[in-house]
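A.B. asks: Sharing a structure here in structure tokens format.
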Amino acid sequence: MKRLCVGLLTLLSAGLGCYAQLPDFNVQLLNDKNGIGTANASRIIRDRYGFLWILSPRHIQRFDGQDVRRIETGGENLLDIVSDSSGTIWTTSDSSIHRYRMGYRSLRKVPLAGLGTAPLNKLNKLQVTPDNHIWANAGRGLYRFDPRTDSFRFLALPGLKDHYYYRRVFGRRGYQLYLADIRTVFCFDTKSGRVRQVSFDGARSVVPVSDDVAWASNNLLQMFEINFAIGSVTRIAPVDTQHPAGIPLAELISITPLGNGKKLVNTTKGCYLYDNGSRTFTRAVLFDSGKALPNGENYADFHDHDGTHWILGQDGILFFRPSAHTIGWLNGFPGADLNLSNNVKSIAEDGQGNIWLGTARGIAVLDVRSGKVMPVRPAGPEWAHSGEIKGLVFDGKNLLVAPSGALPQMLDPIRRTFTGLRYPAGEAGKRLRTKLMNETIGTLAPMPGGDFLITGELGCYKVEAGSYHITEILVEGFEKLIQTVAHDRRGNFWMGTYRGLLVADSAFRNTVADSDFSPGKLVSAVLMRNDSTAWCGSVGLYEVVKSGNVLKKKKIFPELTNQRISMLHRDKGGRIWIGADDGLYLLNRNTSKLQWFDFRDNVQNKPLNMNGLLEASDGRMYAGGQNGLNYFDPGLLKYREEKLNVLIAAVRVNQDDSLLTENQQPLTFSWTRNSVEIQYLTPYFRNPEKLMYRYRLTGLDDHWVDNARNSRVRFSSLPPGRYTFSVAASLDGITWSETVAPLAFVILQPWWSTWWFVSAVLALVVAVAYWLFRRRIKVIRRQTALREHMAELEMRALRAQMNPHFIFNCLNSINRYIVKSDNATASLYLTRFAKLIRLILDNSNSKKVLLSSELEALKLYIEMERIRFDNKFDHHIIVEEGVHADSIGVPSLIIQPYVENAIWHGLLHKESNGSLWVKVRMLDENTLECVIEDNGVGREKAAEFRSKSASGKKSLGMKLTEDRIAVLNQYAQTNASVEIVDLADASRMAVGTRVVVVIPV
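The opening position of the sequence shown corresponds to residue 993 in the working numbering, with each subsequent residue numbered one higher.
Pasting the structure below:
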């Protein structure tokens, strides 16, 4: 078999050399360190979502690469597990079948129809045919799931109605199912109903190889080939002294075709490689991260849809892709020879195809055909403690070896002997030897014409081709410590140093330098793109263009910005390989994007070394680093595009229990349940530490939000609305895989902001506004009417004060004084009359007048009436302290009608002189009280005099004033009032009248 170039070398000391076996498969191992319990696991599968399921008797585990979810059973012992195309998980016990779907909290039992289970009809295994029918085998036959009745119905094989079978045998290939009894193996075609059978005693397991051929192991663990087309059974040769390449006694688990006539045969005693041509077996060599695995005891396996093979074994769960070429890793020098380092500094290939490795402690040769590794050392005290070999080149005849701290040597790869170089004669040669003995080598590089350049901390040296004559040469800038050298077709040298980049002509003169490489100045790798352009590896990758004596550079590939670039190489196929801190990158020429290989692709877990790269004559590439040697065929190595399946696993609202999202979309929450926590995951196993996430919540923010490696996000106090949550995963931060089933959910509006409530409130507001509008119109109209009525009353009051009778009497009195030649009295009366008329007219222009003005008019009126009636009464106007008459406003003409009424109807009818009192005081800071009191005849006696009066004059002043006060109360919302009190003596005889007017101010 042409071995796949995958895996690691374990080196064992044997005499002068160490022997190793190239591994057949690189695998990854999952075990208790990953949180998986495998102690009593018996089955493994992978579902359509990518989850790994591990079956144990009392529970099943779901593993996504990072977290384990454990689902307990109801007390039954589980026997088998399968997954159908919808992702539903099915399990069996002796007596029942259960299923589990995304969204379930536990396993749910599925009923059986037809023949029930019994001691001789117990269930055991499950199979799923390509038409997504689920089958279970039992002691009496088969059960098939009927989605119409949601139950498993019993089905006897055609012609075998009352037959009994081994429950342990149940295999499948396509639509064909394989069963067995004590003496027969059956092949049942579920599409045609055809049953084929071949006699075979004591079948223990049956694994189909083709439609007509199956392999089977019996109770004695012997293995046979069964041909259903011709009805034959052929023993497969067991391993023994005559057949060392046979198969050991074991129970067969699975057979996986590998192509080129090869098969991977998995048994309970480990995995074997089978060659169809020679019909021989060899035990497969499996390695995980540099360690050989026992490959001695397996229990179950599963081959998934993307070609990954999963094996449940004694060390845990192994998984690998048996048909894929992968990167190999040689990681065993320290265990092979204590004097040989695992740190590979330089690599060369001799004419025989052997690979020579310069390490941190000496040199070794690897024969990849025989798997032999041998350290090779020259004699001499200077090699007693071998230094690092950073310079190693094959010139077609010999290997040129340039160690640090020792003299360069020529190594004959066939004889394995060392020869010294030729030095200048005399003192010059002696000085050169001494210098080289103290030199720290940077690199050894070929020069145009076949010579070789050795660079060091103390100087640079040229080794002439053929003669192996070594001399020191002057290289401008050598003190910057040259570490790597490349040259263009013009003969210019591009040299990476600890202090930047140097570009020199073929004589190492006319140097152009650029030391502006940050954060570190070291240029550790140079790859010529053309005669004026080079890629330079530092911290990040730069493209440098030389234009005359000017170097212009720019950073390329942002994903490499913070990585130390240690290797740059263009292989024979034109592919560009980049060695960086976190692995190996391949430039995809079609997309100009980088493809990343890291530790889980079997790239060593420590940095690759400068100059530790070789493309061998057979096209295989070797990359040396601080933890060994990687090797692979660049033409066969295919980048595996990872299609990540991002799933939304659960939703948690307001700290409640999780709401699993299956069949519940879109989710609806009340406005009080507006804090949402969403959990998402991505089943990925090769390197789950590389997973990173980003999310967005449409409806809140349409932008993606980076969430690093966090697999959950919480949104607090979301406003009501419709939302769609989407999440994407990536391994490199460049290519993102978005979930195919975003989560939609709705947070309902609170009841007071729902459309019906808003509509109702709006209707109510419109109705109330309309009612208020109509009411306001009524109020305005009423106020307008009141204003008009008050204006009318005020005018009538004015007319009442200025009634013709009063004016006539006043003018008549003036005339009487004139006739009597009482000019002084006439003048006084006329002056007061004019002044009163003017005050009345002035006060009539305002709704309110100052109390002082009102009292002045009242005083003038009383004095005129007193003069007119020959001083028949006296008067007193009393204003108490605290009444600020000059700042208090009162309705105009509000007191005079009551004073007039007191004079005309109270005092004039009194036989003796009377008295009139007007008292003004503040009841409180907002209320004025005015008391008009007389000691006249009283209201009852005055009424008698009015009734006897021939004129029957009707006094309207008081009535108008009362109406004005009523209108004022309605219009201005005040509480003005008028109270009339009849005064009487002890014998209840009338002694006057008191009027109390209360006016808000």
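In this text, a Cβ means the ideal position worked out from N, Cα and C, and glycines have one as well.
Could you say which of GLN1020, ASN1018, PHE1055 lies nearest to GLY1029 if we only look at CA atoms?
C.D. replies: Among GLN1020, ASN1018, PHE1055, the Cα nearest to that of GLY1029 belongs to PHE1055.
A.B. asks: Considering only their Cβ atoms, is the gap separating LEU1436 from ALA1496 smaller than 8 angstroms?
C.D. replies: Their beta carbons are not under 8 angstroms apart, which means ALA1496 does not touch LEU1436 by this criterion.
A.B. asks: Quick check: the Cα distance between LEU1552 and GLY1350, rounded to an integer number of angstroms?
C.D. replies: So the two alpha carbons sit approximately 28 angstroms from each other.
A.B. asks: Can you find the residues in the same chain that come closer than 7 angstroms, C-beta to C-beta, to VAL1201, ignoring five residues on each side of it along the sequence?
C.D. replies: Only TRP1207, ILE1247 meet the Cβ criterion.
A.B. asks: So, is LYS1337 buried or exposed, given that buried needs 16 or more other C-beta atoms within 10 angstroms?
C.D. replies: Counting Cβ neighbours within 10 Å, LYS1337 comes out buried, since at least 16 surround it.
A.B. asks: Determine the contact status of ASP1523 and ASP1574, defining contact as a CB-CB distance below 8 angstroms.
C.D. replies: For ASP1523 and ASP1574, no; Cβs fall outside 8 angstroms.
A.B. asks: Report all residues from its chain with a CB closer than 7 angstroms to the CB of GLY1305; omit the five preceding and five following residues, and keep chain order.
C.D. replies: Cβ within range, chain order: GLU1289, ASN1290, TYR1291.
A.B. asks: Please work out which residues of its chain come closer than 6 angstroms, Cβ to Cβ, to VAL1120, disregarding the five sequence neighbours upstream and downstream, and give them in chain order.
C.D. replies: Here the set comprises VAL1074, ASP1076, ILE1126.
A.B. asks: For ASN1702, does the three-state DSSP call read helix, strand or coil?
C.D. replies: Reduced to three states, the DSSP call for ASN1702 is coil.
A.B. asks: Any Cβ of chain D within less than 8 angstroms of the Cβ of ARG1768?
C.D. replies: Of the protein chains in this structure there is only one, and it is not chain D.
A.B. asks: With a threshold of 8 angstroms on Cβ separation, who are the neighbours of ASP1307 within its own chain once the five nearest residues in sequence on each side are excluded?
C.D. replies: Within the same chain, ASP1307 has close Cβ partners LEU1021, ASN1023, LEU1285, PRO1286.
A.B. asks: If you run the structure through DSSP and keep just helix, strand and coil, what is PRO1395?
C.D. replies: If DSSP states are grouped into helix, strand and coil, PRO1395 belongs with the strands.
A.B. asks: Ordered along the chain, which non-local residues of its own chain (more than five positions away) have a Cβ less than 7 angstroms from that of ARG1501?
C.D. replies: Cβ neighbours of ARG1501 beyond the five flanking positions: GLU1468.
A.B. asks: With 16 other CB atoms within 10 Å as the buried threshold, where does VAL1477 fall?
C.D. replies: Under this definition VAL1477 is a buried residue.
A.B. asks: For MET1429, I'd like the list of residues in its chain whose CB is within less than 8 angstroms of its CB, leaving aside the five on either flank, ordered along the chain.
C.D. replies: Cβ neighbours of MET1429 beyond the five flanking positions: GLU1374, GLY1397, ALA1398, LEU1399.
A.B. asks: For ARG1556, which three-state DSSP category applies?
C.D. replies: Of the three classes helix, strand and coil, the one that applies to ARG1556 here is strand, per DSSP.
A.B. asks: Tell me which same chain residues have a C-beta within less than 7 angstroms of the C-beta of GLY1379, skipping the five on either side of it?
C.D. replies: Answer for GLY1379: PRO1395, SER1396, GLY1397, ALA1398, listed in chain order.
A.B. asks: Going by C-alpha distance, which of ILE1726, ALA1761, TYR1672 is nearest VAL1717?
C.D. replies: It should be noted that the sequence gives Phe, not Val, for residue 1717. The candidate whose alpha carbon is nearest that of PHE1717 is TYR1672.
A.B. asks: Cα separation between ILE1474 and MET1366?
C.D. replies: One C-alpha to the other measures close to 31 angstroms.
A.B. asks: Express the C-alpha separation of LEU1586 and THR1274 in angstroms, rounding to a whole number.
C.D. replies: Their Cα atoms are separated by approximately 38 angstroms.
A.B. asks: Ends of the beta strand (DSSP E) at ALA1401?
C.D. replies: Here residue 1401 is Gln; the residue named in the question, Ala, does not match the sequence. First-last of the beta strand (DSSP E) with GLN1401: 1401-1404.
A.B. asks: Flag this pair as yes or no: are the beta carbons of ASN1541 and VAL1595 separated by less than 8 angstroms?
C.D. replies: No. Outside cutoff.
A.B. asks: Let's test the definition: count the other Cβ atoms within 10 Å of the Cβ of TRP1743 and tell me whether it reaches 16, buried, or not, exposed.
C.D. replies: The residue is exposed, with fewer than 16 neighbouring Cβ atoms inside 10 Å.
A.B. asks: Tell me whether ARG1140, by its Cβ, gets closer than 7 angstroms to a heavy atom of the ligand SAM.
C.D. replies: The ligand SAM is not among the ligands present in this structure, which contains no ligands whatsoever.
A.B. asks: To the nearest whole angstrom, what separates the beta carbons of GLY1238 and PRO1230, a pair I think is in contact under 8 angstroms?
C.D. replies: So it is a contact: roughly 5 angstroms between Cβ atoms.
A.B. asks: Within the same chain, show all residues whose beta-carbon is closer than 6 angstroms to that of LYS1545, passing over the 5 residues directly before and after it, in chain order.
C.D. replies: Only TYR1534, VAL1536 meet the Cβ criterion.
A.B. asks: From the DSSP secondary-structure annotation, give me the bridge partner or partners of TYR1614.
C.D. replies: Note: TYR1614 sits in a beta bridge opposite LEU1606, TYR1623.
A.B. asks: Would you give the residue range spanned by the beta strand (DSSP E) that ASN1290 belongs to?
C.D. replies: It spans 1290-1295 - the beta strand (DSSP E) in which ASN1290 sits, taken as one unbroken run.
A.B. asks: Just reading off the alpha helix (DSSP H) that LEU1349 is part of, what are its end residues?
C.D. replies: No alpha helix (DSSP H) contains LEU1349, which is instead part of the beta strand (DSSP E) from 1347-1351.
A.B. asks: Could you spell out the range, first to last residue, of the alpha helix (DSSP H) harbouring TYR1821?
C.D. replies: Start and end: 1815-1835.
A.B. asks: Have a look at GLY1984 and LEU1847 and give me their C-alpha separation to the nearest angstrom.
C.D. replies: In a straight line, the C-alpha of GLY1984 is about 22 angstroms away from that of LEU1847.
A.B. asks: Of the choices ASP1296, ASP1590, ARG1767, TRP1321, whose alpha-carbon is the least far from that of PRO1314?
C.D. replies: Measuring from the Cα of PRO1314, the nearest candidate turns out to be ASP1296.
A.B. asks: Considering only DSSP beta bridges, list what VAL1771 is partnered with.
C.D. replies: According to DSSP, which records beta bridges pairwise, VAL1771 is partnered with nothing at all.
A.B. asks: Could you please give the first and the last residue of the uninterrupted alpha helix (DSSP H) stretch that includes GLU1471?
C.D. replies: Here GLU1471 belongs to no alpha helix (DSSP H), and DSSP marks it neither H nor E.
A.B. asks: Please identify the residue among ASN1211, ALA1130, SER1191, ASP1123 whose C-alpha is closest to the C-alpha of ILE1222.
C.D. replies: ILE1222 has its Cα closest to that of SER1191, out of ASN1211, ALA1130, SER1191, ASP1123.
A.B. asks: How about PHE1865 and LEU1908: do their beta carbons lie closer than 8 angstroms?
C.D. replies: Yes, the Cβ-Cβ distance between PHE1865 and LEU1908 is below 8 angstroms.
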